[in-house]
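> Here the sequence shown is numbered in full-length UniProt numbering, starting from 1 and rising by one per residue.
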Amino acid sequence: MSLLEHKKTLALCGGIILIGGIFAVTAHSKSTKTATAQDLNLSQTAPITSLDTAKVTDSVSSTTISQVGEGLYRLNADSQPENALATKTTVSDHGHQYTINLRHDGKWSNGQGVTAKDFIYSWERTLDPKSKSEFTYQFANIKNATAIAAGKKAPKTLGVKAVGKYQLKITLSQPADYFKKMLASTTYYPVNQSAVEKYGKKYGSSAKTTVYNGPFVLTNWNGTGDNWTLKKNPNYDEAKSVKLNHINYKVIKSTTTSYNLYQSKKLDAVTLDGEQTTQNKNNANLKTVSQGRIGFMQYNEKNKTAANRDLRTAMSLAIDRQQLATKVLKNGSRPAKTFGIKDMMKNPKTGTDFTNDAYVKNTVDYNPTQAKKLYKQAQQQLGKKALAITITCGDDDASKNLAEFIQSQLSSKLGLKVNVAAMPFTAMLSKVSSGNFQVNLTSWSMDYADPIQSLQILESKNGSNMGHYTSKAYDQALANSEGKDALNQTARYAELVKAAQTAAKDQAVTPLYEGRTGTLVNPKLKGVVYNKFNGNADYRLAHIAN
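(1) Can you tell which of Gly535, Leu72, Asn436 has its C-alpha closest to the C-alpha of Asn83?
(2) What would DSSP say about Glu197, mapped onto helix, strand or coil?
(3) Sorted by chain position, which residues of the same chain lie with C-beta nearer than 7 Å to Thr146's C-beta, five sequence neighbours on each side aside?
(4) Would the stretch 457-473 count as touching the stretch 191-207 if we require 3 or more Cβ pairs under 8 Å?
(5) Ser433 lies in the alpha helix (DSSP H); which residues open and close that run?
(6) What are the partner residues of His543, as DSSP defines its beta bridges?
(7) Please classify Asp538: does DSSP put it in a helix, a strand, or coil?
(8) Where do the N-terminal and C-terminal ends of the beta strand (DSSP E) with Ile170 fall, by residue?
(9) Out of Ile100, Phe179, Glu275, Ser206, which has the shortest C-alpha to C-alpha gap to Lys165?
(10) If we count the other Cβ atoms within 10 Å of its Cβ and call it buried at 16 or more, is His104 buried or exposed?
(11) Ignore the nearest five residues each way along the sequence and tell me which others in Glu301's own chain have a CB closer than 7 Å to its CB.
(12) Which of the three DSSP states, helix, strand or coil, is assigned to Pro234?
(13) Does DSSP put Lys117 in a helix, in a strand, or in coil?
(14) Hey, quick one: how far does the alpha helix (DSSP H) through Glu275 stretch, first residue to last?
(15) What three-state label does DSSP hand Asn101 in the structure shown?
(16) Please tell me whether Ile391 and Leu311 are closer than 8 Å, where the distance is taken between their beta carbons.
(17) Taking only three categories from DSSP, how would you classify Phe533?
(18) From Leu317 to Asn233, what does the alpha carbon distance come to, in whole angstroms?
(19) How is Ala77 classed by DSSP in three states: helix, strand or coil?
(20) Hey, which unbroken runs of the beta strand (DSSP E) at 3 residues or more fall wholly within the stretch 251-333?
(21) Taking the straight line between their C-alpha atoms, what separation do you get for Tyr189 and Ala378?
(22) Take Tyr359 as the anchor and find which of Val91, Ala503, Ile120 has the nearest alpha-carbon.
(23) Helix, strand or coil for Phe216 per DSSP?
(24) Is it buried or exposed for Val528, if we count other Cβ within 10 angstroms and need 16 for buried?
(25) Would you say Ser411 and Val420 are within 8 Å of each other, going by their C-beta atoms?
(26) Roughly how many whole angstroms lie between the Cα atoms of Lys346 and Ile452?
(27) Give the straight-line distance between the Cα atoms of Glu197 and Lys130, rounded to the nearest whole angstrom.
(28) On the criterion of 16 or more Cβ atoms from any shown chain inside 10 Å, does Phe23 qualify as buried, or is it exposed?
(29) When we look at the beta-carbon of His543 and count the other beta-carbons within 10 Å, is it buried (16 or more) or exposed?
(30) Is the Cβ-Cβ distance between Thr64 and Leu51 less than 8 Å?
(31) Measuring alpha carbon to alpha carbon, tell me which residue in Lys153, Ala54, Ala176 is nearest Glu482.
(32) Thinking C-alpha only, which one of Phe119, Pro215, Trp221, Thr257 is nearest Glu238?
(33) Report the rounded CA-to-CA distance for Ser29 versus Gln456, giving the unit in angstroms.
(34) Excluding the 5 residues preceding and the 5 following Asn285 in the sequence, name in chain order all residues of the same chain whose CB lies nearer than 8 Å to its CB.
(35) Report the option in Leu102, Ile406, Gln38 whose CA atom is closest to the CA atom of Thr90.
(36) Nearest by alpha-carbon distance to Val242: which of Gln80, Ile252, Val217 is it?
Dropping the structure here:
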């Protein structure tokens, strides 16, 4: 989404992941009671919203697509791209031309072969303004993509063409050394044109109106249900390497419920809340993994109160992030220093972590005295003695606990009246997408390790910039990092730092924590590949040991 996704969406906290304005928990693991059947029982905190790559914005849906679909590349444990459907990649013309050869044995679940045209059709369809995709920005490096998304050019002008059935030629308008990582995103997955034309607007809205080319196929999902099953795909090109027969999912919003189900061996993995993580700190089956996720508050700058920078900064300085991480989340999450997480990138000259270079004093620090001063200034600017804001968040336990902590901090340190509006994921998404909010407690999950993964969603024209933050200096810094400085590591790094510092000073968003999570996993589960950067689990080669 990982939106991204992948990956790239908007979420909450605890064990949750956000993408473009959505959140979702990611469960990992293995089956404990049905080892001979090679079946897993896992949970999510939110339902699937769509299996259409042009419409997906949340991590639950994106994660599901990554298991039932396959793209050119996949990311390994070190967040580096490795071949999936691609067999050979040649980069030429100073990084502007990618020639990618494809496997000849890729198959869709409807029996048709996966070809280069399936990728072209998928990308052109996503970029077509009619699709209203929030992730068109991910294609910005490809020639004409931005103009197509803006409706200024036809989708057929996209800088990609098929050479025969099994070769893609991609022309970039601006090179990027992380382009192969981007191509691993579910946003870049192929789509079967015959299936889309057959099902029309219903494509991706249920298990039966979707076709698949990945290790698994989806069953038992009617488009709205809280239960679904992934079944081994017999048409997958590497089906012999897939050992799991089924992965059964159910939506469980309560961490207490999911924990109890794990203990009774009805779930094979469970994402723990803070208390549960503390209780299991000596449990050999506990995994603490990075989520590649930054938790934050985003503000609707079209709302007069939320648009006041002094108020936003006052709110940021009134929050004790260390206490938030150790007393509320209690899952290994770290206080945020900037709008990004550790290990995204290192300074090419000094080796310093990006989060340290991008940090700006008195933007994320706990400073009640300065917070009160700025709050009074905001009161004067807004002409009100009593200010009130409403924080919109998910209705899962982790999100509500975090929102209540922030509510307490802002009320006690500033005197600000804070209302918490907790609601189901789909309702929250609808409100935020339509601009019907003041403050949204959310998070952003990154698909691969690069600061652009988080910073890009604050660009003024980005579809995931739901707070409508606008800054010419910010946009220019990112444009430089993706344009003239794209292949100059030192210069690009400096522009990314400049963008992050600009957002910090503007309090474009209020970074809260770097997401990590504690997960209990069935010890019999073997072969799962966990991405070290964002914790994503790949079950393609997983199996249950006897």
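Think of the CB as a built atom: it goes at the ideal place given N, C-alpha and C, for glycine as much as any other residue. In this text, all values refer to a predicted model and were calculated from it rather than measured experimentally.
So, from the data block:
(1) Checking every option, the nearest Cα to that of Asn83 belongs to Leu72.
(2) Three-state DSSP puts Glu197 in a helix.
(3) For Thr146, the CB contacts under 7 Å within the same chain, skipping 5 residues up- and downstream, are Ala140 in chain order.
(4) Contact between the stretch 457-473 and the stretch 191-207 is absent, with fewer than three C-beta pairs closer than 8 Å.
(5) Looking at the DSSP string, the run of the alpha helix (DSSP H) that includes Ser433 is 425-433.
(6) Note: His543 sits in a beta bridge opposite Lys526.
(7) DSSP places Asp538 in strand when its eight states are reduced to three.
(8) Looking at the DSSP string, the run of the beta strand (DSSP E) that includes Ile170 is 167-171.
(9) Relative to Lys165, the option among Ile100, Phe179, Glu275, Ser206 whose CA is nearest is Ile100.
(10) It is exposed - the Cβ of His104 has fewer than 16 other Cβ atoms within 10 Å.
(11) Result list for Glu301: Ala307, Gly467, His468, Tyr469, in chain order.
(12) Three-state result, Pro234: coil.
(13) Reduced to three states, the DSSP call for Lys117 is helix.
(14) Residues 274-279.
(15) Reduced to three states, the DSSP call for Asn101 is strand.
(16) Against a cut-off of 8 Å, the Cβ pair of Leu311 and Ile391 comes out as no contact.
(17) Coil, per DSSP.
(18) Approximately 51 Å, taken between the alpha carbons.
(19) Under the three-state reduction of DSSP, Ala77 is assigned to coil, being neither helix nor strand.
(20) The beta strand (DSSP E) runs of length 3 or more contained entirely in the stretch 251-333 are, from start to end of the chain, 269-271, 286-299.
(21) Each residue's Cα considered, the two are about 46 Å apart.
(22) Here the closest residue by C-alpha is Ala503.
(23) Shown here, Phe216 sits in a strand according to DSSP, grouped into three states.
(24) Classification of Val528: buried, given that the 10 Å Cβ count is 16 or more.
(25) Between Ser411 and Val420, the C-beta gap is not smaller than 8 Å, which leaves the two residues out of contact.
(26) Their backbone Cα atoms lie some 13 Å apart in a straight line.
(27) So the alpha carbons of these two residues sit roughly 15 Å apart.
(28) Low local confidence applies: a pLDDT of 31 at Phe23 is under 50, so the model's placement there is unreliable, and no value is given.
(29) Answer is buried; the Cβ neighbour count reaches 16.
(30) The beta carbons of Thr64 and Leu51 sit closer together than 8 Å.
(31) Of the listed residues, the one whose Cα sits closest to Glu482 is Ala176.
(32) By alpha-carbon distance to Glu238, the top candidate from Phe119, Pro215, Trp221, Thr257 is Pro215.
(33) Bear in mind that a pLDDT of 37 at Ser29, under 50, signals an unreliable position, so the number given afterwards is only what the model happens to contain. Distance between the alpha carbons of Ser29 and Gln456 is about 32 Å.
(34) Non-local C-beta neighbours of Asn285 in its own chain, meaning closer than 8 Å and more than five positions away in sequence, comprise Leu520, Val521, Asn522, Pro523, ordered along the chain.
(35) Selected option, being the one with the closest Cα: Leu102.
(36) Comparing Cα positions, the closest option is Val217.
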